[in-house]
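Let me begin by presenting the structure, written as structure tokens, before commenting on it.
Numbering (my numbering), first residue to last: 43 to 263.
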């Protein structure tokens with residue numbers, strides 16, 4: 043999405059007619075990626091809220107189903123978006139696969155060159171801790187503690203949903219404007235979109251310059 047953002051700026055820069063097709067294609071790529079992530083987080087948020095409702099009804103079966111669904115939703119997002127290193131797919135494992143050798147089950151191999159630690163990983167680990175503790179509280183039927191674990195998850199998850207939906211919405215606006223070759227409003231949509239990206243990066247990624255989209259500096263106002 044960093045690449046897409048910079049292509050949008052580059053295609054609109056200068057005094058010549060913007061390359062509308064490239065702007066539309068790049069923004070469209072951002073849109074579907076952001077919608078995918080928003081859908082993952084929306085599913086997680088739904089399970090959290092439904093579990094809280096089940097607690098009010100003292101519905102243990104319902105809570106169990108929602109926590110299982112929550113686990114599955116987290117796993118689906120991890121498989122789709124996490125780096126191979128975080129999924130324990132290391133160089134030696136890949137070498138084995140190329141030789142048709144399956145990796146051992148439940149072996150958390152340590153990567154010799156892991157990706158740099160970022161705040162987002164700490165946030166994910168906190169959510170995972172909340173989920174594990176929620177399942178423990180459910181087994182022991184510690185209702186107040188169970189509710190507390192889910193309430194700690196809710197605002198984090200809701201923020202992720204709102205951010206990804208915001209990115210998708212602004213990207214869709216850029217697609218619409220570029221498709222109709224309209225310049226008015228494009229700078230505003232791009233600025234709002236990348237502001238959301240930068241806000242999230244500052245909070246969860248830290249200083250990684252490659253992830254900073256270029257500011258709007260094109261001929262399109």
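Glycine included, every Cβ here is placed at the ideal spot set by N, Cα and C.
Cβ separation of residue i and residue j, assumed to be a contact under 8 Å, to the nearest whole Å
{"i": "residue 66", "j": "residue 220", "result": "4 Å"}
{"i": "residue 209", "j": "residue 238", "result": "5 Å"}
{"i": "residue 199", "j": "residue 80", "result": "In fact, because the Cβ distance is near 11 Å, the residues do not count as touching under 8 Å."}
{"i": "residue 258", "j": "residue 232", "result": "5 Å"}
Where residue i falls: helix, strand or coil (DSSP)
{"i": "residue 227", "result": "coil"}
{"i": "residue 90", "result": "helix"}
{"i": "residue 138", "result": "helix"}
{"i": "residue 258", "result": "coil"}
{"i": "residue 1", "result": "With the chain covering 43 to 263 only, the question about residue 1 has no answer from this structure."}
{"i": "residue 248", "result": "coil"}
{"i": "residue 95", "result": "helix"}
{"i": "residue 83", "result": "helix"}
{"i": "residue 125", "result": "coil"}
{"i": "residue 100", "result": "coil"}
{"i": "residue 146", "result": "coil"}
Alpha-carbon to alpha-carbon, residue j and residue i
{"i": "residue 116", "j": "residue 196", "result": "14 Å"}
{"i": "residue 229", "j": "residue 256", "result": "12 Å"}
{"i": "residue 172", "j": "residue 106", "result": "15 Å"}
{"i": "residue 182", "j": "residue 113", "result": "19 Å"}
{"i": "residue 125", "j": "residue 216", "result": "29 Å"}
{"i": "residue 45", "j": "residue 170", "result": "31 Å"}
{"i": "residue 163", "j": "residue 58", "result": "43 Å"}
{"i": "residue 204", "j": "residue 138", "result": "41 Å"}
{"i": "residue 253", "j": "residue 158", "result": "14 Å"}
{"i": "residue 184", "j": "residue 194", "result": "16 Å"}
Proximity of residue i and residue j at Cβ, strictly below 8 Å
{"i": "residue 68", "j": "residue 50", "result": "yes"}
{"i": "residue 108", "j": "residue 89", "result": "yes"}
{"i": "residue 212", "j": "residue 235", "result": "yes"}
{"i": "residue 179", "j": "residue 191", "result": "yes"}
{"i": "residue 160", "j": "residue 248", "result": "yes"}
{"i": "residue 127", "j": "residue 82", "result": "no"}
{"i": "residue 123", "j": "residue 246", "result": "no"}
Range of the contiguous alpha helix (DSSP H) that encloses residue i
{"i": "residue 46", "result": "44-54"}
{"i": "residue 201", "result": "185-221"}
{"i": "residue 161", "result": "161-182"}
{"i": "residue 131", "result": "Segment: none, residue 131 is in no alpha helix (DSSP H) and carries neither H nor E."}
is_contact[residue i, chain B] using C-beta, thresh 8 Å
{"i": "residue 128", "result": "Among the chains in the structure shown there is no chain B, since it carries only a single protein chain."}
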